[in-house]
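K.L.:
Just so you know, the sequences run in chain order A and B. Heads up, the first sequence is in the numbering used here, so the first residue is 175 and it goes up one at a time. Heads up, the second sequence is in the numbering used here, so the first residue is -4 and it goes up one at a time. I'd like to ask you about the structure that follows.
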Amino acid sequence: MKVIESGNVAAALGVKLCRANVIAAYPITPQTPLTEKLSEFVESGQMKAEYIPVESEHSALGVCIAASSTGARAFTATSANGLLYMHEQLHWAAGARLPIVMCVANRGVGAPWTVWNDQQDSLSQRDTGWIQLYAADHQEIIDSVIKAFYVAERTSIPVMVCYDGYILSHTHMPFEVPDQEKVDAFLPPFRPGYALDPDKPANLNTVTLPETRNNIRGETAHGYMELRYLLHEDMRNAIDVVGEAGQRFNDVFSSSGTAYLDMYKCDDATFVAVAMGSLSLHLRVVADILRDEGIKLGIMDLKLYRPFPDKVMADALKGKEGVIVMEKAISYGYAGPLYSDICSALYTHAMDESLGDLPFIYNYILGLGGRAIRTTDLVDAIRPICTGGAAKDQPAWIGLKL
Amino acid sequence: MQSKPTILTLPEEEFVHPGNRACSGCGLGIAYRIGLKALGKDTIVVVPPSCLTVLQGLYPVAATKLPSLNVTFASTAAAASGVLAALKSLGREGITVVGWAGDGGTSDIGLQSLSGAAERGEDFIYICYDNEGYMNTGVQRSGTTPMGALTTNTPIFGKAQDKKNVPAIMRAHEIPYVATSCSAYPLDLFTKIEKAKTIRGTKYIHILTPCPPGWGYDPRYTVKVGKLAVETGMYDLYEVENGEFKLTGASRKLLDKRKLLPVEAYLKMQTRFKTMRDEHIKQVQDRINKRWDAYFERFKE
Chain A
175 MKVIESGNVA AALGVKLCRA NVIAAYPITP QTPLTEKLSE FVESGQMKAE YIPVESEHSA
235 LGVCIAASST GARAFTATSA NGLLYMHEQL HWAAGARLPI VMCVANRGVG APWTVWNDQQ
295 DSLSQRDTGW IQLYAADHQE IIDSVIKAFY VAERTSIPVM VCYDGYILSH THMPFEVPDQ
355 EKVDAFLPPF RPGYALDPDK PANLNTVTLP ETRNNIRGET AHGYMELRYL LHEDMRNAID
415 VVGEAGQRFN DVFSSSGTAY LDMYKCDDAT FVAVAMGSLS LHLRVVADIL RDEGIKLGIM
475 DLKLYRPFPD KVMADALKGK EGVIVMEKAI SYGYAGPLYS DICSALYTHA MDESLGDLPF
535 IYNYILGLGG RAIRTTDLVD AIRPICTGGA AKDQPAWIGL KL
Chain B
-4 MQSKPTILTL PEEEFVHPGN RACSGCGLGI AYRIGLKALG KDTIVVVPPS CLTVLQGLYP
56 VAATKLPSLN VTFASTAAAA SGVLAALKSL GREGITVVGW AGDGGTSDIG LQSLSGAAER
116 GEDFIYICYD NEGYMNTGVQ RSGTTPMGAL TTNTPIFGKA QDKKNVPAIM RAHEIPYVAT
176 SCSAYPLDLF TKIEKAKTIR GTKYIHILTP CPPGWGYDPR YTVKVGKLAV ETGMYDLYEV
236 ENGEFKLTGA SRKLLDKRKL LPVEAYLKMQ TRFKTMRDEH IKQVQDRINK RWDAYFERFK
296 E
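Pasting the structure below:
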């Protein structure tokens, strides 16, 4: 069924279709319409779930952690400082290997306060052990939520579905709502490896020691470091799981979404601009304008940020002359986080072959705190890079008025 | 509910293994053992970092025979809410959910989530075992450390502020059941937990659990120190059921006797109070007298 709704409602419809058992959330702009809609689904009986209106984001994820440990499919959503308030719980959920799904309506973080969009909130949570998906439009939001539960439960790793606050969360667009029967076919009921149960008592998330230790049967049990290694290995393997989920999703729903990189006019491109989220769609307009000027620009939209599909990225950029990484976030004191990751991926995979083929790479920071991103500014920023006249300072900023 | 329990009628089944990692003379050790007997097998326990985390054992060994979820420090009551929500949504009935936290995890870092859960009326039992400080991290002051107590971060003059009255905070939430108990009175504790199990809504039980290394007394005196806390009127045993307050057990007996032991007997047993001067002890005694005079007045037959 095709509907015209907001990005937040697209996310809510996805959660409903996935039959989440427990939803806990605390209000924060611009996430609120999503959780308002879920509370309406639950109160009206359209959705059979427990909705817990908690007193903080820390508790929202606390509820989800415990509900997931008890065998329920759990969901929460937040933005900006709400996500930062969850920081400890993010590590806990991943360390406890709980397949929780969370939507993040991306917003800049304080101080000073801003309610407008950038991606500093979720990108600064990169190392918490969560899989991170970025959606560029409403169709991708609802599809990503459904895929997220599948990937989370296959990998026992929590998944964050990120989409731009206001730009996507509050705008209305047409999108296809998948059929419930097909979602049920795609996403089987959650069958946890262990759920808290008095008939099978276990002590979860116990204190570990630096070394491995024997259990009562004399078998060696993992220590803290082994558990961390396994999380990392399973994260790396999750790249394939995300790919497989995307393929299955396309088969079941006759869809054509991509799992890692959505490419626009990249095949013959000399230069490629890379971005995540709605910015990538904006950049397509820039590619068309510059192509009219004879500059062969392509656009890559990265969907999966963690685990980082480094090989896919390096292969996609192979043979290109230049790469321009456009980011709504910054690692203060260095560069945009995606820029660093792409540099690392290019270098790592170039070492397999020869370093000589590496494209040059530029980094632009833009749109922080919702600063307007004008097409003309994008064109003026990207054109000189493709014509050999770019400033060498990295990263460069677009739209600054100092 | 059973008739009044005696030491002979307590359930024989143990849910805490002997030889666990509690210190010798640990008041929590007594309270946890008796508390789990009252809770019974069909229970899920939620535990934040505290001495109880250590008592419960180091991976892959567990000292408790009940399913137990270790959670972050501030989220005990939120996590208990999550367990409840999951059980409800999955149609699993007949399981008691218990949050069992220390005084720091309750009165300080965990108060927000506890207040939120109580306001929502979450149907669990929250138990705070109060050893009056951050004992697991090496005896630092907490919100419930009493005035005058030396701790490792009030090392010279002792804590300057009064003990935070967490049961009173919980009473203000108008939950159906608030009770205090002490590990020196295991049957009192057993009775109160058994009663809490029969009540719907949020139940709060505050247990004073003397701590030999943190309070500075010989481990053999854990019961004696606990009893003195009650018999001197320093710590009261009571229940507030649907808003109705009544003194219980040993405190109720004090009401009948109309006589308290001098608080000095309690304070002098513990090295944590060794720097309290006579005028401070008198202040403490005066406040106890004032509170108990009000009880005597209010509850005269």
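Ideal Cβ placement from N, Cα and C applies to all residues, glycine included. The structure presented is a predicted model; accordingly, all values stated were derived computationally and were not measured.
With a 10 Å radius around its C-beta and 16 neighbouring C-beta atoms as the bar for buried, classify Y538 of chain A as buried or exposed.
P.N.:
Working through the first sequence from its first residue, we reach residue 538 of chain A at position 364. When all chains shown are included, Y538 of chain A counts as buried.
K.L.:
Between B:A74, B:I164, B:T146, which lies nearest to M271 of chain B when the distance is taken from Cα to Cα?
P.N.:
Working through the second sequence from its first residue, we reach residue 271 of chain B at position 276. It is B:T146 whose Cα lies nearest to the Cα of M271 of chain B.
K.L.:
Report, in whole angstroms, the separation of the C-beta atoms of A73 of chain B and V228 of chain A, which I expect to be a contact under 8 Å.
P.N.:
Reading the second sequence from its first residue, position 78 is the one you call residue 73 of chain B. Reading the first sequence from its first residue, position 54 is the one you call residue 228 of chain A. Sure, about 6 Å apart at Cβ, within 8 Å.
K.L.:
Just how far apart, CA to CA, sit T59 of chain B and V41 of chain B?
P.N.:
As a first step, residue 59 of chain B is located in the second sequence; it is residue number 64 there, counting from the start. As a first step, residue 41 of chain B is located in the second sequence; it is residue number 46 there, counting from the start. Cα to Cα, T59 of chain B sits roughly 12 Å from V41 of chain B.
K.L.:
Return no unless some Cβ of chain A is closer than 8 Å to the Cβ of I188 of chain B.
P.N.:
Counting from 1 along the second sequence, the entry for residue 188 of chain B is found at position 193. No, because no Cβ of chain A sits closer than 8 Å to the Cβ of I188 of chain B.
K.L.:
How would you write the range of the alpha helix (DSSP H) that Y403 of chain A sits in, first residue to last?
P.N.:
As a position in the first sequence, residue 403 of chain A is number 229, starting the count at 1. Its alpha helix (DSSP H) spans residues 398 to 427.
K.L.:
Could you tell me whether any Cβ in chain B is nearer than 8 Å to the Cβ of C560 of chain A?
P.N.:
If you number the first sequence from 1, residue 560 of chain A lands on position 386. No - not a single Cβ of chain B is within 8 Å of the one on C560 of chain A.
K.L.:
Please name the residue or residues paired with N388 of chain A in a DSSP beta bridge.
P.N.:
Here residue 388 of chain A is taken as the residue at index 214 of the first sequence, counted from 1. Partner(s): A:T394.
K.L.:
Here's the rule I'm using: 16 or more other beta-carbon atoms within 10 Å means buried, otherwise exposed. How should V325 of chain A be labelled?
P.N.:
For this step, residue 325 of chain A is matched to residue 151 along the first sequence. By the 10 Å Cβ count, V325 of chain A comes out buried.
K.L.:
At a Cβ threshold of 8 Å, is M61 of chain B touching chain A?
P.N.:
Within the second sequence, residue 61 of chain B is the residue found at index 66, counting from 1. The amino acid occupying residue 61 of chain B in the given sequence is Leu; Met does not appear at that position. Chain A, which has a Cβ nearer than 8 Å to the Cβ of L61 of chain B, makes this yes.
K.L.:
Which residues mark the beginning and the end of the alpha helix (DSSP H) in which I556 of chain A is found?
P.N.:
By 1-based counting over the first sequence, the position of residue 556 of chain A is 382. I556 of chain A -> alpha helix (DSSP H) spans 549 to 560.
K.L.:
Excluding the 5 residues preceding and the 5 following S45 of chain B in the sequence, name in chain order all residues of the same chain whose CB lies nearer than 7 Å to its CB.
P.N.:
Within the second sequence, numbered from 1, the residue matching residue 45 of chain B stands at position 50. Excluding sequence neighbours, S45 of chain B sits near A96, G97, G100, N131.
K.L.:
Just to confirm, is the Cβ distance from L272 of chain A to S243 of chain A under 8 Å?
P.N.:
Along the first sequence, one-based indexing puts residue 272 of chain A at 98. Along the first sequence, one-based indexing puts residue 243 of chain A at 69. Contact: yes.
K.L.:
Work out the CA separation of A191 of chain B and S110 of chain B for me, nearest whole Å.
P.N.:
Locating residue 110 of chain B in the second sequence gives position 115, where the first residue counts as 1. Locating residue 191 of chain B in the second sequence gives position 196, where the first residue counts as 1. Rounded to the nearest angstrom, the two C-alpha atoms are 18 Å apart.
K.L.:
Which same chain residues, not among the five before or five after S343 of chain A, have their C-beta less than 6 Å away from its C-beta?
P.N.:
In the first sequence, counting from the first residue as 1, residue 343 of chain A sits at position 169. G181, N182, P204, A279.
K.L.:
Alpha carbons only, please: which of A:S505, A:M450, A:M525 is nearest the one belonging to I498 of chain A?
P.N.:
As a working note, residue 498 of chain A is residue 324 in the first sequence. Minimum Cα distance to I498 of chain A is reached at A:M450.
K.L.:
Which one or two residues does DSSP pair with I305 of chain A in a beta bridge?
P.N.:
For this step, residue 305 of chain A is matched to residue 131 along the first sequence. The partner list for I305 of chain A (beta bridge, DSSP) reads A:V333.
K.L.:
Give me whichever residues DSSP pairs with C177 of chain B in a beta bridge.
P.N.:
For the purposes of this step, residue 177 of chain B is identified with residue 182 of the second sequence, where counting begins at 1. Answer is B:L203.
K.L.:
Closer than 7 Å between beta carbons: that is the criterion. Which residues of the region 373 to 389 of chain A meet it against chain B?
P.N.:
Taking 7 Å as the Cβ-Cβ cut-off against chain B, the residues of the region 373 to 389 of chain A that qualify are P375, A376, N377, L378, N379, T380, V381, T382, L383, R387, N389.
K.L.:
What residues in its chain sit with their C-beta under 8 Å from that of T1 of chain B, if we drop five residues either side in the sequence?
P.N.:
Along the second sequence, read from residue 1 onward, the residue named residue 1 of chain B stands at position 6. Closer than 8 Å at Cβ, skipping near neighbours: L182.
K.L.:
In three-state DSSP terms, what is D311 of chain A?
P.N.:
Taking the first sequence and counting its residues from 1, one reaches residue 311 of chain A at position 137. D311 of chain A: coil per DSSP, three-state reduction.
K.L.:
Would the beta-carbon of D292 of chain A fall within 8 Å of that of K502 of chain A?
P.N.:
Translated into positions along the first sequence, residue 292 of chain A becomes position 118. Translated into positions along the first sequence, residue 502 of chain A becomes position 328. Yes, they are a contact pair.
K.L.:
Do you know offhand how far Y230 of chain B's Cα is from F364 of chain A's?
P.N.:
Locating residue 230 of chain B in the second sequence gives position 235, counting from the first residue. Locating residue 364 of chain A in the first sequence gives position 190, counting from the first residue. Using only the alpha carbons, I get a separation of about 48 Å.
K.L.:
Of all Cβ atoms in chain B, is any one closer than 8 Å to the Cβ of W287 of chain A?
P.N.:
Residue mapping note: residue 287 of chain A aligns to position 113 of the first sequence, counting from 1. False, the Cβ-Cβ gap to chain B never drops below 8 Å.
K.L.:
Looking at P511 of chain A and the ligand FAD, is the gap between the Cβ and the nearest heavy atom below 7 Å?
P.N.:
In the structure shown, the ligand FAD is absent, as is every other ligand, since no ligand is present at all.
K.L.:
Between V446 of chain A and L491 of chain A, which are expected to be in contact by the criterion C-beta below 8 Å, what is the C-beta distance as a whole number of angstroms?
P.N.:
Indexing the first sequence from 1 puts residue 446 of chain A at position 272. Indexing the first sequence from 1 puts residue 491 of chain A at position 317. Sure, about 6 Å apart at Cβ, within 8 Å.
K.L.:
Can you find the residues in the same chain that come closer than 6 Å, C-beta to C-beta, to L242 of chain B, ignoring five residues on each side of it along the sequence?
P.N.:
If you number the second sequence from 1, residue 242 of chain B lands on position 247. So the list reads Y233, L250, once near-sequence residues are dropped.
K.L.:
When the distance is taken between beta carbons, is V381 of chain A closer than 8 Å to T48 of chain B?
P.N.:
Along the second sequence, one-based indexing puts residue 48 of chain B at 53. Along the first sequence, one-based indexing puts residue 381 of chain A at 207. Cβ distance < 8 Å, so T48 of chain B and V381 of chain A count as in contact.
K.L.:
Per DSSP, what are the beta-bridge partners of N65 of chain B in this structure?
P.N.:
Translated into positions along the second sequence, residue 65 of chain B becomes position 70. DSSP, once it has assigned bridges, lists B:V42 as partnering N65 of chain B.
K.L.:
Can you find a CB in chain C that lies within less than 8 Å of the CB of L370 of chain A?
P.N.:
Protein chains in the displayed structure are A and B, and chain C is not among them.
K.L.:
Using only the alpha-carbon positions, how far apart do V283 of chain A and E7 of chain B sit?
P.N.:
Counting from one through the first sequence, the residue named residue 283 of chain A turns up at place 109. Counting from one through the second sequence, the residue named residue 7 of chain B turns up at place 12. Those two C-alpha atoms are separated by around 56 Å.
K.L.:
Would you call T368 of chain A buried or exposed, if buried means 16 or more other Cβ atoms sit within 10 Å of its Cβ?
P.N.:
What you label residue 368 of chain A is simply residue 194 of the first sequence in a count that begins at 1. The residue you asked about is not Thr; residue 368 of chain A is Tyr in the sequence shown. Exposed, by the Cβ-count rule.
K.L.:
Taking CB distances under 8 Å as the criterion, tell me whether I226 of chain A reaches chain B.
P.N.:
Residue mapping note: residue 226 of chain A aligns to position 52 of the first sequence, counting from 1. Yes, because at least one Cβ of chain B sits closer than 8 Å to the Cβ of I226 of chain A.
K.L.:
Could you tell me the alpha carbon to alpha carbon distance between A270 of chain A and H523 of chain A, rounded to whole angstroms?
P.N.:
As a first step, residue 270 of chain A is located in the first sequence; it is residue number 96 there, counting from the start. As a first step, residue 523 of chain A is located in the first sequence; it is residue number 349 there, counting from the start. Their Cα atoms are separated by approximately 32 Å.
K.L.:
With 9 Å as the C-beta to C-beta threshold (strictly closer), list the residues of the region 210 to 240 of chain A near chain B in chain order.
P.N.:
Of all residues in the region 210 to 240 of chain A, K222, A223, E224, Y225, I226, P227, V228, E229, S230, H232, S233, A234, L235, G236, V237, C238, I239, A240 have a Cβ within less than 9 Å of some Cβ in chain B.
K.L.:
Taking the CB atoms as reference points, tell me whether P62 of chain B and P372 of chain A lie closer together than 8 Å.
P.N.:
Position 67 of the second sequence, counted from the start, is the residue given in the question as residue 62 of chain B. Position 198 of the first sequence, counted from the start, is the residue given in the question as residue 372 of chain A. The answer is yes: Cβ separation under 8 Å.
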